[in-house]
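The block underneath contains the structure these notes are about, expressed in structure tokens.
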Amino acid sequence: KNQVEQSPQSLIILEGKNCTLQCNYTVSPFSNLRWYKQDTGRGPVSLTIMTFSENTKSNGRYTATLDADTKQSSLHITASQLSDSASYICVVSAVDNNNDMRFGAGTRLTVKP
Amino acid sequence: GAGVSQSPSNKVTEKGKDVELRCDPISGHTALYWYRQRLGQGLEFLIYFQGNSAPDKSGLPSDRFSAERTGESVSTLTIQRTQQEDSAVYLCASRRTGESNQPQHFGDGTRLSIL
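Chains A and B are the protein sequences, given in the same order. Position 83 of the first sequence, counting from 1, maps to 83 under this note's numbering, and the rest follow consecutively. Just so we're on the same page, this note's numbering is the position in the second sequence counted from 1, plus 113.
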């Protein structure tokens, strides 16, 4: 069973609307959680990183939240644009193991005009 | 360039042939990773290089897969006797250090198609 579960698997929204993507994890001990954006045919690009003590972090129209107690994170996209169409991948790292990164399967977001 | 470079960007080959994929990491990055991404699926870890340490090969799916890295520079991923299930995008990532608080920088991948 994957230790990082993302939902929904896919999402279609209209341009200008907001949306929220979810990431639940069971990775322990927790070090950090990172959200990546992967455009079609490209490699993933880091959007934001959340550590244990952080509850929310923004990067432009992207806002990530973290609840370390419930082991949940969300990525909120405000005023969506066509260029937001991509896959969004949640990656959780364990403490003291530089290669113990668990990847979610991603959420495929499509923004329509 | 400043980013991770992978070549070729696309590779089509016949079943049973060997293929070699190349990754040029960002200069100075000590950590290098290879991943496989099948169509519509998440990233599968293959192998991890960190400096001069022995690589972590725990993700390699079979002995047909191997990878090398010269010092802290170029890496090659080799797949021998390719099978149709090897068709996927192979992504390489580098990181400035091995520490997980550093972001991974990904190349755009090699799309491998086995006929």
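The beta-carbon is built from N, C-alpha and C at its ideal position, and this holds for glycine as well. Everything numeric in this text was worked out from a predicted model, so none of it was measured.
For Gly43 of chain A, count neighbouring Cβ atoms within 10 angstroms of its own Cβ and tell me buried if that reaches 16, exposed if not.
-> buried
**Message:** 9 Å is my cut-off, CB to CB: does Arg34 of chain A come that close to chain B?
**Reply:** yes
- Figure out for me which residue from B:Asn165, B:Gln163, B:Thr210 and B:Tyr148 has the closest Cα to the Cα of Asp199 of chain B. B:Tyr148
Closer than 7 Å at the beta carbon, the chain B residues around Ser93 of chain A: Ser213
May I ask you to list, following chain order, the residues of the stretch 8-31 of chain A that have a beta carbon less than 7 Å from some beta carbon of chain B? Ser31
(message) Against chain A, does Val117 of chain B count as a neighbour if the rule is that its beta carbon must be under 9 Å from one of theirs?
(response) yes
- Message: Closest to Gly222 of chain B by C-alpha separation, out of A:Tyr36, A:Ile13 and A:Gly41, would be which residue?
- Response: A:Gly41
Checklist line | Three-state secondary structure (DSSP) of Gln6 of chain A | finding: strand
Pull up the distance between the alpha-carbon of Ala201 of chain B and that of Lys124 of chain B, whole angstroms please.
10 Å
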